[in-house]
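> Below is a structure I'd like to ask you about.
Residue numbers (this note's numbering): 1 to 95.
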C-alpha cells in the first residue's frame, strides 16, 4: 500500500481547483469521478489533490483509498492533517 502516515502540517496547499468533494456519493459513482479528476490534474502537472469523502460509515473512504493503491496517478496518499479535515480527507500525491 502506498501510504504515508505522518504528513507535516502545511506541507500541502488546498485550493478549490485541487479539491474534489465526494461526500454523499456511493463508491461506484465516486470512483469514475476520482479517475477523471486524477487524470485532469495529472495532465495539468498538479503536485497533489484533496479528496473529501467524509467520515460516515467509512465505506467511501475505504473504497477510494483501496482504488488509489492501483492508480497509476497516485504516487502515495495520506489522511489530511486535522486542520484540513483529518481522516475525512485523503491527500493524493500525484506521480
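Ideal placement from N, C-alpha and C gives every residue a C-beta, glycine not left out.
In this text, all values refer to a predicted model and were calculated from it rather than measured experimentally.
Could you please give the first and the last residue of the uninterrupted beta strand (DSSP E) stretch that includes residue 74?
Residue numbering aside, residue 74 sits at position 74 when the chain shown is read from its first letter. Element bounds for residue 74: 74-79.
> So, for residue 30: in the same chain, excluding its five sequence neighbours on each side, which residues have a beta-carbon less than 8 Å away from its beta-carbon?
One-based indexing of the chain shown puts residue 30 at position 30. For residue 30, where only same-chain residues beyond five positions count, the Cβ hits under 8 Å are 22, 53, 60, 63 and 64.
> Leaving aside the five residues before and after residue 96 along the sequence, list all residues of the same chain whose C-beta is less than 7 Å from its C-beta, in chain order.
Here the chain comprises residues numbered 1 to 95, so residue 96 is not present and cannot be evaluated.
> Please state whether the Cβ-Cβ distance between residue 69 and residue 80 is less than 9 Å.
Numbered from 1 along the chain shown, position 69 holds the residue referred to as residue 69. Numbered from 1 along the chain shown, position 80 holds the residue referred to as residue 80. No, these two residues do not count as a Cβ contact at 9 Å.
> Could you give the DSSP three-state label for residue 19: helix, strand or coil?
The sequence position of residue 19 within the chain shown is 19, counting from 1. The answer is strand: DSSP assigns residue 19 an E or B state.
> Does residue 38 pass the burial test, meaning 16 or more other C-beta atoms within 10 Å, or should it be called exposed?
As a working mapping, residue 38 is identified with position 38 in the chain shown. Per the 10 Å Cβ criterion, buried.
> Below 6 Å CB to CB, which residues in the same chain sit around residue 19 once its five sequence neighbours on both sides are set aside?
One-based indexing of the chain shown puts residue 19 at position 19. 50.
> Locate the beta strand (DSSP E) running through residue 37, then write down its first and last residues.
Locating residue 37 in the chain shown gives position 37, counting from the first residue. Careful: residue 37 lies outside any beta strand (DSSP E), inside the alpha helix (DSSP H) at 27-43.
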